[in-house]
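Chains as they are written, first to last, in the working numbering: chain A, 29 to 157; chain B, 688 to 1285. The block underneath contains the structure these notes are about, expressed in structure tokens.
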Amino acid sequence: MGKLTLDDLRKMRESLKNEMDKRDGEKDIRIVVGMGTCGIAAGAKKTLEAFIEDLDKRSLKNVSVKQTGCMGNCNVEPTVEVFMPEMPATLYGNVSADVARKIVQKHILERTLLNDHIQDKPSIDIVKH
Amino acid sequence: MPYKHYILICAGTACESSHAQEIHDNFIKEIKDRQLESDVQVVKTGCFGFCEQGPIVKILPDNAFYVKLKPEDVKEIVDENIIKGRVVQRLLYSPKEDKGRHQMTDVANIDFYQKQFRIVLRNCGIIDPEKIDEYIARDGYKALEKVLFEMSPTQVIDEVSRSGLRGRGGAGFPTGLKWSFTQKTSSDVKYIVCNADEGDPGAYMDRSTLEGDPHSILEAMTIAGYAVGAHKGYIYIRAEYPLAIERLNIAIGQARDYGLLGEKILGSNFDFDIEIRLGAGAFVCGEETALLASVEGERGMPRPRPPFPAVKGLWGKPTVINNVETWANIPVIILKGASWFAKIGTERSKGTKVFALTGKINNSGLIEVPMGTTLREIIFDIGGGIKDGKQFKAAQTGGPSGGVIPAEFLDTPIDYDNLTAIGSMMGSGGMIVMDEDDCIVDITKFYLQFSVDESCGKCAPCRIGGYQLLNLLEKITSGRGEMADLNKLFKISQAMQKASLCGLGQTASNPVLSTMKYFGEEYQEHIQNNKCRARKCAQLLKFEILPEKCVKCGLCAKVCPVGAISGDREKGYVIDQAKCIRCGQCLERCKFKAITRG
């Protein structure tokens, strides 16, 4: 992508926004892993790998695994948030590789929430986009 | 089929101990009785905070937040909320006092109980920090657009001034005013600097912001460049933050590719670029003049002010230098407007503050709250209270430059002026919670040790004063203190405040003054009674064997590393206090609780 003009940037933002709003493309499930220094120190890299391996093993093609910064819940790192249709956005804490595989089985395949690992989201998005 | 409702039951320690299990079982039973098992899932969750309001249950997707539940309330919640879809108002959390903070229309739909309010951390934990597209999709670089094409530099500065934003690095200088000094100083070259030299023990707000949302800093610095007429920016960050540096480098590369940094940004006539300068992790380089010296390649030592950097800074040129958190506020202020921002917070401290909440607290974490939130709300509502049900003793804010806030100020709204008034300071936002097991003199010694290690040595008050303070504290914690030492501590502290060259020395004695003010009797106990009530100061401890409990097994004598325990299996054993090094091995090993520590 070359240098943007004002118009380019505006158009790009609109189309990106639509993309993020829709989420009905082929990958309609998102797993977001908190990968700040804190998360990584607590083992978030292994968690991320476990998700990717497990999804691959089960040939689940409609799930994307992404990274983000610190979610703020330092006492329960690594933290992972799962977004999927017809389920509430869910924040899980203390997600080891083992728990990651359970999330795939329970949350994504069986559509039930996982006991004991759910955390409260620290805050609702207040700056509207 | 997915479930229609989810019942989340807090299984934190506090809730568990107040009928959470019974409530959980009742929900399971009620759901089963009504044959709703395929519609409703009952789940146990981690601590919600608000432990004093427990047991807590949250229903999704309704987002109903029920507090202080009793097992008999379960039936009503199932009948009303789950079956009829009507929230049970009487059981909902209701904020006792809200002080008008949350009354703005924009945030009317915020769940009151959460108390957090994210401006600085708006993208942290949401976007992928290595993808500029995700930042753009969340209105990233829209403030830059607005500034470059719709606002004059003076309008930008007016907006920032009217927002009431004050520097988040600690001292709280009004940001708009700082910018206007640089704008008004005529010079061929001006600079923008981001101070990312975060070094307070226990503080990691800036690191998390840079790691989670690096583009917000780049955008803000570019906006400031436009406002004051600078074309070059530097981010000074310590090499101990490799991930933040990596992500900043990625972000700068992406912004250059998109033409959001470089020449003729977005086709305008404005040029701006940013470079990273790595620091070696000296605390004093967080002081702005020392930081500038370090960027220039000089030894990181402070310079006398005035002249202030805003007028004469980097290479003698006018320089705007702001802290990471200050920068992260800028794009939101431009987009939402100064009056929106000025509605948040207290009269003289606007907006929010990010705190790194650590220490003896259940839910340690990175939090962002409106200015004016009380310490009680932060520690007990958001932080979930003190670990293991212990007593709150004090909170330390402002790191080695700050002071302690004792329990009597738990309900003081936190803002710049209130914290200064009670002898602490906002600082960059580290907040360390202490409980009854922490010795206040020992903690003070820790901070003094830090400041002494980090003093650059340029001025005598800081170099010598800090060392003398530390020696006195060492003397007191080892049981050799005299009452006259308290006066010496006080006098040296005052001299350092008045005579030191930079912020480090001027504030290094704050921990001493503030702890002497609020915990003076603990100092006296150490000196007069040779007693450390938290049992932290090893040299004041006395280990003794209780003859009535001792079974004369001799294990203590065997484990004592210095042979301080003598005796035999007939006469029993005694500890020679002169030889004892107070390591506590004997106490740990004694199976009969025959050894006391006092």
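Backbone N, C-alpha and C define an ideal beta-carbon position, used for all residues, glycine too. For clarity, every value in this text was computed on a predicted model and none was experimentally measured.
Length of the line joining the Cα atoms of residue i and residue j
i, j, result
"Glu784 of chain B", "Thr1060 of chain B", "Bear in mind that a pLDDT of 45 at Glu784 of chain B, under 50, signals an unreliable position, so the number given afterwards is only what the model happens to contain. Cα-Cα distance, rounded: 11 angstroms."
"Glu906 of chain B", "Trp1014 of chain B", "9 angstroms"
"Asp1098 of chain B", "Ile813 of chain B", "32 angstroms"
"Ile1048 of chain B", "Leu897 of chain B", "25 angstroms"
"Asp1124 of chain B", "Glu832 of chain B", "53 angstroms"
"Ser1180 of chain B", "Leu1233 of chain B", "44 angstroms"
"Thr976 of chain B", "Lys755 of chain B", "52 angstroms"
"Asn796 of chain B", "Ser781 of chain B", "Bear in mind that the predicted position of Asn796 of chain B carries a pLDDT of just 40, short of 50, making it too unreliable to give a figure here."
"Lys786 of chain B", "Ile1101 of chain B", "For Lys786 of chain B, the predicted structure reports a pLDDT of 44, less than 50, and the residue's modelled location is therefore unreliable. A value from the coordinates is still provided. Taking the straight line joining both Cα atoms gives about 13 angstroms."
"Leu1176 of chain B", "Val61 of chain A", "49 angstroms"
"Arg992 of chain B", "Lys1132 of chain B", "29 angstroms"
"Asn882 of chain B", "Ile1163 of chain B", "37 angstroms"
"Gly1072 of chain B", "Cys102 of chain A", "15 angstroms"
"Val1007 of chain B", "Gln1264 of chain B", "60 angstroms"
"Gly920 of chain B", "Ile879 of chain B", "4 angstroms"
"Cys1126 of chain B", "Leu1227 of chain B", "12 angstroms"
Sequence-distant residues of the same chain with beta carbon closer than 6 angstroms to residue i, five excluded per side
i, result
"Ile679 of chain B", "Because chain B is modelled from 688 through 1285, residue 679 of chain B falls outside the range shown and cannot be assessed."
"Ser848 of chain B", "Gly863"
"Ala1186 of chain B", "Pro1148"
"Cys672 of chain B", "Because residue 672 of chain B is not part of the residues shown, which for chain B are 688 to 1285, the question remains open."
Neighbour list for residue i in chain B, Cβ cutoff strictly below 7 angstroms
i, result
"Val104 of chain A", "Gly733"
"Gln95 of chain A", "Asp815"
"Arg139 of chain A", "Pro689"
"Gln147 of chain A", "Thr732, Gly733"
"Glu114 of chain A", "Pro689"
Exposed unless 16 or more other CB atoms sit within 10 angstroms - verdict on residue i
i, result
"Gln803 of chain B", "buried"
"Pro1248 of chain B", "exposed"
"Gly733 of chain B", "buried"
"Thr1033 of chain B", "buried"
"Glu739 of chain B", "exposed"
"Val147 of chain A", "The sequence as given places Gln at residue 147 of chain A; Val does not occur at that position. Buried, by the Cβ-count rule."
"Lys871 of chain B", "exposed"
"Ser704 of chain B", "exposed"
"Arg853 of chain B", "buried"
"Pro816 of chain B", "buried"
"Ile1268 of chain B", "exposed"
"Pro113 of chain A", "exposed"
"Val1238 of chain B", "exposed"
"Leu1188 of chain B", "buried"
"Gly1076 of chain B", "exposed"
"Leu1135 of chain B", "buried"
"Gly1285 of chain B", "exposed"
"Val794 of chain B", "Because Val794 of chain B sits at a pLDDT of 36, beneath the cut-off of 50, its placement in the model cannot be relied upon, and the following sentence gives the value as read from the coordinates. That one is buried."
"Arg1367 of chain B", "Outside the modelled stretch of chain B, which goes from 688 to 1285, sits residue 1367 of chain B, for which no answer is possible."
Under 7 angstroms by beta carbon: chain A residues contacting residue i
i, result
"Glu832 of chain B", "Leu34, Leu37"
"Cys702 of chain B", "Here the premise fails: no neighbours, minimum Cβ distance about 12 angstroms."
"Gly954 of chain B", "Thr33, Leu34"
"Gly946 of chain B", "Lys31, Leu32"
C-beta contact flag for residue i and residue j at 8 angstroms
i, j, result
"Asn90 of chain A", "Asp56 of chain A", "yes"
"Met48 of chain A", "Ala707 of chain B", "no"
"Val123 of chain A", "His145 of chain A", "yes"
"Leu76 of chain A", "Val93 of chain A", "yes"
"Leu808 of chain B", "Glu1055 of chain B", "yes"
"Asp900 of chain B", "Gly1086 of chain B", "no"
"Arg894 of chain B", "Ile922 of chain B", "no"
"Gly1090 of chain B", "Asn1197 of chain B", "yes"
Nonlocal neighbours in the same chain, by C-beta distance under 7 angstroms from residue i, ignoring five residues either side
i, result
"Asp52 of chain A", "At Asp52 of chain A, the pLDDT of 44 sits below 50, so the modelled position is not reliable and the matter cannot be decided from this model."
"Arg1150 of chain B", "Ser1142, Gly1144"
"Glu717 of chain B", "Val761, Lys762, Val765"
"Gln133 of chain A", "none"
"Asp826 of chain B", "Leu1022"
"Tyr1154 of chain B", "Val1139"
Listed by chain order, chain A residues near residue i by CB distance under 8 angstroms
i, result
"Gly899 of chain B", "Gly64, Thr96, Gly97, Cys98"
"Ile823 of chain B", "Leu37, Met40, Arg41, Leu44"
"Lys829 of chain B", "Arg41"
Contacts of residue i in chain B (Cβ-Cβ under 9 angstroms)
i, result
"Asp144 of chain A", "Ala698, Val730, Lys731, Thr732, Gly733"
Interface residues of chain B facing residue i [CB-CB closer than 8 angstroms]
i, result
"Gly121 of chain A", "Gly733"
Same chain, Cβ closer than 8 angstroms to residue i, five either side skipped, listed in chain order
i, result
"Cys1277 of chain B", "Leu1242, Cys1243"
"Glu1257 of chain B", "Lys1239"
"Asp960 of chain B", "His918, Lys919, Gly920, Arg943, Leu948, Gly949"
Interface residues of chain A facing residue i [CB-CB closer than 9 angstroms]
i, result
"Thr1210 of chain B", "Reading the sequence as shown, one finds Tyr at residue 1210 of chain B and not Thr. Those do not exist, as Tyr1210 of chain B stays about 33 angstroms from chain A at its closest Cβ, beyond 9 angstroms."
Contact set between the segment 1137-1151 of chain B and chain C, restricted to residues whose Cβ is under 7 angstroms from the partner: In the structure shown, chain C cannot be found, because the protein chains are A and B.
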